[in-house]
Structures are given as C-alpha cells and as structure tokens.
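*Asks:*
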Amino acid sequence: MDGDLAPLPLLFALAERYDAWLVIDDAHGFGVLGAQGKGSLAHFNLPASPRILLMGTLGKAAGVGGAFVAGSATAIEYLLQKGRSYIFTTAAPPAIACALSKSLQLIEHGNALRTNLLARIGQLRDGLSGLPWQLLASATAIQPLIVGDNDAAVALSKGLWERGLWVPAIRPPTVPKGTARLRICVSAAHTAADIDQLIQALKELA
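In terms of the numbering used here, the sequence shown opens at residue 20 and continues consecutively.
1) Which of helix, strand or coil does DSSP assign to Phe-87?
2) Taking only runs of the alpha helix (DSSP H) that begin and end inside the region 27-88, which ones reach a length of at least 4 residues, in chain order?
3) Does the region 131-141 come close enough to the region 170-183 to have 3 or more Cβ pairs within less than 8 Å?
4) Does DSSP put Gly-146 in a helix, a strand or coil?
5) The alpha helix (DSSP H) spanning Thr-125 covers which residue range?
6) My parser needs the beta strand (DSSP E) runs of 3 or more residues fully inside the region 145-204; what are they?
7) By alpha-carbon positions, which one of Trp-180, Ala-110, Asn-130, Ala-61 ends up nearest to Ala-220?
8) Helix, strand or coil: which one does DSSP assign to Gly-102?
9) Can you tell me the Cα-Cα spacing of Ile-218 and Lys-177, whole angstroms?
10) Roughly how many angstroms separate the alpha carbons of Leu-132 and Asp-213, rounded to a whole number?
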C-alpha cells in the first residue's frame, strides 16, 4: 500500500539463521524491479534458495490474469497435492498462456519501459513537492499521498475524477486511522504530459 520495499536481505538472513521458509509476495516487484524485471529478489541480488517461496500475480506488470508460485520441487509438489484452492480451480485458458508468453518477452526486453517508469516517478515526486499533503518515501510505481481525513481524501479523489483523472482514495481500515490517502499508481504507459496533468490538477485542488 505504501510502495515501500521489504528488507528482504535481512529477512532472508533470519530465515537462514532459524532454518525457516521465506514467503515473498512479489505482486508489485515482478516485471518492474531488478534486472530484466525479474523482481524483488533480483533487485536485492538475493540467490535462489530452497527456503524461498516466491509468489507473484500475472495481472499487474504481465497484464494477463492468474498468479504463480515458484519454489523448490518439494514445496511445489506439496502445494500441488495439498493446496485446496489449486486442486479445485479450473485450468487457465490457453489464450492466457499465449498472452503471458508474449508478456514475458516484453518484460525481459523492457528496459526502456522501466527507464520511462522511473523517469515518470521522479517527475511526479519533483512536481508534488511543496503541496500540503505528505508524499511518502517510495521509489516504486506506488506513490501514496497522505491526506489524513477520510472526507478530505474522498473529496480530493472526486476533484481529480472531475478533471479526467482516476486516483482512488484509500481509507481505514485498509490503512491506519488518520492516514487516508490517494494511492497514485504510475505506469510505464504514462507520458510526461499525463504526469503534468496530474501535478497541475493537484496544485489547483490544493
């Protein structure tokens, strides 16, 4: 929700120390972070390990649907045999697998897209400095703008909607009380003009 990064090297060290599994939900890292968009493990240069279970959605950067779990052969076999939600799930359509195959190629060779994403994130952060709301520290595509009051956050979101911009207001209990916010999600498909439009709209509403 905050666009922050878990301290995976420290968590992995703890898992090694106590002989534990480390389960990572890399929904927002896969396709975006690390070399060739390989995700949070690549971002932190962590090695492959049988004690890591890596989960990721295919409905965000990959642009299709479904999800995946990667891990040791033993862990995957256990999930195949014991995971009720998997056992009773209908197989994904072949069209999804075909689209995913193309998505993986785009992710692997998508350095230009990731470079553009980082540029748009920097543009947004620079442009929103000095506004009355707090922009949390985040180097990722998720940029939370803390408004505080629930009604104020909803009003700000509505004001943006009226200007042709969709930025949802997130309120408790999804986030702690008193930290209602706009959850700005930057995409590699956004242009500099798109980001400028959002910055100017927020300045007007301020």
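Each residue gets a CB set at the ideal place from its N, CA and C atoms; glycine is no exception.
*Replies:* On the basis of the data shown:
1) For this step, residue 87 is matched to residue 68 along the sequence shown. Shown here, Phe-87 sits in a strand according to DSSP, grouped into three states.
2) Those alpha helix (DSSP H) runs which fall completely within the region 27-88 and span 4+ residues are 27-36, 59-62.
3) No contact exists between the region 131-141 and the region 170-183.
4) Against the sequence shown, residue 146 aligns to sequence position 127. Look at Gly-146 here: in three-state DSSP terms it is helix.
5) Here residue 125 refers to the residue found at position 106 of the sequence shown. What sits at residue 125 in the sequence shown is Leu, not Thr. Counting along the chain, the alpha helix (DSSP H) containing Leu-125 begins and ends at 113-127.
6) Counting whole runs of 3 or more residues, the region 145-204 contains the beta strand (DSSP E) stretches 161-167, 199-204.
7) Translated into the one-based positions of the sequence shown, residue 220 becomes position 201. Looking at the Cα atoms, Trp-180 is the closest of the given residues.
8) Here residue 102 refers to the residue found at position 83 when the sequence shown is read from its first residue. In this structure, Gly-102 counts as coil in the three-state DSSP scheme.
9) Translated into positions along the sequence shown, residue 218 becomes position 199. Translated into positions along the sequence shown, residue 177 becomes position 158. Taking the straight line from one Cα to the other gives about 15 Å.
10) Within the sequence shown, residue 132 is the residue found at index 113, counting from 1. Within the sequence shown, residue 213 is the residue found at index 194, counting from 1. Roughly 16 Å separates the two Cα atoms.
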